[in-house]
Amino acid sequence: NFINKILEIYELSYIYNIPLNKIDFLVSREAYVHSIVHYKDNTLSINAFINDMIISLIKPLSYFFEIPSMPIKKNYLDINNLKIERPNDKRFPIFRYQNKLMKLSHSEQINLMIVNNSAHKLYLSNKLKYNKIINYIMNEISKNPDNMQLSSFRSILKFITKKNEDYRTNV
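Each residue of the sequence shown is one higher than the last, beginning at 638 in this note's numbering.
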């Protein structure tokens, strides 16, 4: 449902101190291009690899262990693997909310992560249908009890505890 992409954008923004409006969301149908960095001097850095999760596991482990090279797959450098596009698939409701999600405050982003976790639990317990996840999340994040400020570890834990109590009550 692409909510993970929104969370990855937040993560990228905070880890590298990049404003959200400088981060864009594109898709590669072949899932070959994983990131593109456009530098101020107009050069690009493309992180691309075959969509195989073993690569994500091997790369960090290779810093600690000697791991043999993986064989190059036949169509590895096929130019079609480099096609990227703006997502416009109407089947995914997240795209209707993308602009709103990119304008959330830090507290609201934390709330989104907590609500997403609740939605995940509800989905796994068969209490929420997959195609209703985004609507559930957007409805829940629009609720702002007492002008919630999730600005400390304690306030976040208190909010998570309340959400978990709400979850247990609704299951």
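Even glycine gets a Cβ: it sits at the ideal position worked out from N, Cα and C.
Query raised in the report: Considering residue 683, what are the terminal residues of the beta strand (DSSP E) in which it resides?
Result: 681 to 685
Query raised in the report: Counting pairs of Cβ atoms below 8 Å between the region 653 to 671 and the region 755 to 768, do you hit three or more?
Result: no
Requested in this report: Output yes or no for whether 9 Å exceeds the beta carbon distance between residue 751 and residue 800.
Outcome: yes
Query raised in the report: With burial defined as no fewer than 16 other Cβ atoms inside 10 Å of the residue's Cβ, what is the status of residue 676: buried or exposed?
Result: exposed
Query raised in the report: If you compare alpha carbons, which of 768, 747, 651 and 706 is closest to residue 727?
Result: 768
Report task. Compute the Euclidean distance between the alpha carbons of residue 734 and residue 705, then round it to the nearest angstrom. Result -> 44 Å
Query raised in the report: Which residue comes first and which comes last in the beta strand (DSSP E) that contains residue 674?
Result: 670 to 675
Query raised in the report: CA-CA distance, residue 753 and residue 774?
Result: 6 Å
**Report entry** The alpha helix (DSSP H) enclosing residue 752, as first and last residue numbers
**Finding:** 743 to 761
Query raised in the report: Do you know offhand how far residue 678's Cα is from residue 755's?
Result: 43 Å
Requested in this report: Can you grab the Cα-Cα spacing for the pair residue 651 / residue 639, in whole Å?
Outcome: 19 Å
Query raised in the report: When the Cα of residue 746 is compared with those of 694, 673, 787 and 722, which residue comes out closest?
Result: 787
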